[in-house]
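Enquirer: Pasting a structure below so you can have a look.
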Amino acid sequence: MAKRTPEPTRPPRERAFMVGVEIFGEKNMLTLEDSLAELTLLADTAGLDVVGELTQKLDRPNPETFIGSGKVEELKTLAEEMMAQVILFDSELSPRHQRELEAVFGTKVRVLDRTALILDIFAQHANTAEGILQVELAQYEYYLPRLTRQWTHLARQAGGGGGRSGGVGGVGLRGPGETQLEVDRRQIRAKISHLKKELEKVRAHRERYRSRRRQSQTPTVAIVGYTNAGKSTLLNRLTRSDVLAANQLFATLDPTTRKLELPGGTQALLTDTVGFIQKLPTTLVAAFRATLEEISAADLLLHVVDISHPNALAQFRSVQQTLDSIGARHIPVVTALNKVDRLKDPGAADPILEQYPTAVAISATKSLNIPQLLEKIHQELYENFSPIQLWLPYSQGQLISQFHEAGQVERIEHGRGGVTIQGRIPGRLLAQFRTASDENRRDTVETQTPEPEETLEDE
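Residue numbers are given in this note's numbering: position 160 of the sequence shown equals residue 193, and the series is strictly consecutive.
Shown next as structure tokens:
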């Protein structure tokens, strides 16, 4: 009888103790209890076992240790009793908070905040060269102000992304009187500068790719939503693909684009994007600019909501807030209320469907109402016309011709340098024309608007 090859033993998971703080007057999408529940899922995704939690309500954070000094002592005692190796804060700690808390807990216990945890998860899940670059940049920008003399090897601090692409490397030669900390800071700034240049190349490449897509006149649909809402599963269902779809937070980081067949023989390109989350670190939003521009350049957003989640409404609003921050709120949206098969009462989704005319209740895993969702996407891209008025320079003759060919021109005004067009265009072109209009407005903001050569006339 053949012997079974023993599976490799996995290292034991670190034990983490969570700290949640409710600040008076601070507005959050989730309650403290729900936010800690989400932090538990994040910790599990990162490979940590949560062994306890401590909460406190404050008028304002303690300037030294974030929580009160009495709570710090209580936390230290509880962490020792539970043999915790990681102290995990649900809020983002300032560099000073980080230093003071590390001094209290010593070198045997790591102090992490929510941002550092999310960065670590991203580092674990980044697979492509672009993803690794983006995560590494976010890590270095986060850790730079937090460097202390006890952090003497930056590659260790910069975790997954830094380790995969080489990190900071050797210490190098010091100048006269230059401390190790100064060497580290100088090297990390040089690394940040290099990563930004590399990501600008990525951004330029993506823009050229998007330009070719616009010339082909194939509309693009970007899937957005809270992490673990089922975006990748839906992409697979709609396009018959096999993109990784795991039941964990941030399973997908790198954008994936597939061809989407729509009713009536029409087509679109469907792109899956990174999931959002409340308190999404600003360093990640900045580092992932090239990826997030896939969203802001889309013709239509497919917002996937886990309707079975108890905090579905808060998650919906969190995504809307992030879309606002990246300038994508103006893009037409179709909302997919996913996982409706998990609802005890299927009618619970009806009030939302009545409130949002472009919403469809679906189940990506059960293929429930997928034809209706495809029809809704087709309608928004090809059948529903939206009103718009904009000014285009004569140098953008292709856009002017496209408006005449695909849209419905109601009135047109010819002036020196360009035309003002009023009419209606298909949903698939709305974002493109609005973007062009905004860019032209910025270009001419300091020039006086010329008098029109012709008056408004019916077209």
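Positions of the beta carbon are idealized from the N, C-alpha and C atoms, including for glycine.
Kindly indicate which three-state DSSP category Val373 falls into: helix, strand or coil?
Expert: Here Val373 sits in helix by DSSP.
Enquirer: For the alpha helix (DSSP H) containing Gly103, list its first residue and its last residue.
Expert: Where Gly103 is concerned, the enclosing alpha helix (DSSP H) stretches over Ser102 to Glu114.
Enquirer: When the Cβ atoms of the stretch 165 to 175 are set against those of the stretch 130 to 139, are three or more pairs found closer than 8 angstroms?
Expert: No, the stretch 165 to 175 is not in contact with the stretch 130 to 139.
Enquirer: Should Pro459 and Tyr415 be called a contact, given that it needs their Cβ atoms to be closer than 8 angstroms?
Expert: Cβ atoms of Pro459 and Tyr415: closer than 8 angstroms.
Enquirer: Counting only the same chain and skipping the five closest in sequence on each side, list residues whose C-beta sits under 8 angstroms from that of Ile225.
Expert: Excluding sequence neighbours, Ile225 sits near Leu170, Tyr173, Glu174 and Leu177.
Enquirer: Using the three-state DSSP reduction, which class does Ser244 fall into: helix, strand or coil?
Expert: Three-state DSSP puts Ser244 in a helix.
Enquirer: Using the DSSP secondary-structure output, state which residues sit across from Asn95 in a beta bridge.
Expert: According to DSSP, which records beta bridges pairwise, Asn95 is partnered with Phe99.
Enquirer: Less than 6 angstroms between C-beta atoms, sequence neighbours within five positions excluded: which residues of the same chain meet that for Arg143?
Expert: Counting only Cβ-Cβ distances below 6 angstroms, and skipping sequence neighbours, we find Val119.
Enquirer: Touch check for the stretch 84 to 99 and the stretch 45 to 60: three-plus C-beta pairs under 8 angstroms?
Expert: Touching, yes.
Enquirer: Give the single residue among Arg129, Glu114 and Leu134 whose Cα lies nearest to the Cα of Leu530.
Expert: Beyond the ends of the chain as shown, which are 34 and 492, falls residue 530; an answer cannot be given.
Enquirer: Kindly indicate the opening and closing residues of the beta strand (DSSP E) around Arg457.
Expert: Start and end: Gly451 to Pro459.
Enquirer: I'd like the list of long-range same chain contacts for Ser341, defined as Cβ closer than 6 angstroms, with 5 residues on each side in sequence excluded.
Expert: Cβ within range, chain order: Lys372, Arg375 and Leu376.
Enquirer: By Cβ distance below 7 angstroms, which residues in the same chain neighbour Thr391 in space, the five residues on each side in sequence not counted?
Expert: Val366, Val367, Thr368, Lys409 and Glu413.
Enquirer: Would Leu268 and Arg239 qualify as a contact pair, given that the criterion is a beta-carbon distance under 8 angstroms?
Expert: Not closer than 8 angstroms, so no.
Enquirer: Arg322 and Arg457: beta carbons closer than 8 angstroms?
Expert: Cβ atoms of Arg322 and Arg457: not closer than 8 angstroms.
Enquirer: Going by DSSP, what residues sit across from Gln422 in a beta bridge?
Expert: Its beta-bridge partners are Gln455.
Enquirer: Closest to Leu401 by C-alpha separation, out of Gly430, Leu370 and Gln429, would be which residue?
Expert: The residue with the shortest Cα to Cα distance from Leu401 is Leu370.
Enquirer: Our contact map puts Tyr464 next to His363 with C-beta atoms below 8 angstroms; I'd like the distance itself, whole angstroms only.
Expert: Note that residue 464 is Ala in the sequence shown here, rather than Tyr. Confirmed, Cβ separation roughly 7 angstroms.
Enquirer: Grab me the residues of Gly192's own chain with a C-beta within less than 8 angstroms of its C-beta, minus the 5 sequence neighbours each way, in chain order.
Expert: Residue placement at Gly192 cannot be trusted, given a pLDDT of 45 that sits under 50; the coordinates are not used to answer.
Enquirer: Excluding the 5 residues flanking Pro495 on each side, which residues of the same chain have their C-beta closer than 7 angstroms to its C-beta?
Expert: Nothing about residue 495 can be read from this structure; the chain reaches only from 34 to 492.
Enquirer: What does DSSP give as the partner residues of Gly58 in its beta bridges?
Expert: Answer by DSSP bridge pairing: none, since Gly58 is not bridged.
Enquirer: Tell me where the beta strand (DSSP E) around Gly302 begins and ends.
Expert: For the sequence presented, residue 302 should be read as Leu rather than Gly. It spans Gln300 to Asp305 - the beta strand (DSSP E) in which Leu302 sits, taken as one unbroken run.
Enquirer: Run through DSSP, which three-state label would Ser265 get?
Expert: Reduced to three states, the DSSP call for Ser265 is helix.
Enquirer: Any chance the stretch 308 to 315 sits against the stretch 351 to 362, with 3 or more Cβ pairs inside 8 angstroms?
Expert: Touching, per the Cβ criterion.
Enquirer: Would you mind working out which of Ser102, Asp332, Lys234 and Val393 sits nearest Ser419, comparing C-alpha positions?
Expert: The shortest Cα separation from Ser419 among Ser102, Asp332, Lys234 and Val393 belongs to Asp332.
Enquirer: State the CB to CB distance for the pair Pro252 and Ala330, rounded to an integer number of angstroms; the pair is presumed to be in contact (CB under 8 angstroms).
Expert: Contact doesn't hold; Cβ gap of about 11 angstroms is too wide.
Enquirer: Taking the alpha-carbon of Ala257 as reference, which of Asn344, Gly298, Arg350 and Asp77 has the nearest alpha-carbon?
Expert: First, the residue type needs correcting, since residue 257 is Val and not Ala in the sequence shown. Ranking Asn344, Gly298, Arg350 and Asp77 by Cα distance to Val257 puts Arg350 first.
Enquirer: By the DSSP assignment, the beta strand (DSSP E) with Ile256 in it spans what residues?
Expert: Thr253 to Gly258 is the span of the beta strand (DSSP E), which, as asked, contains Ile256.
Enquirer: Buried or exposed, going by whether 16 or more other CB atoms sit within 10 Å of the CB of Phe99?
Expert: Buried, because 16 or more other Cβ atoms sit within 10 Å of the Cβ of Phe99.
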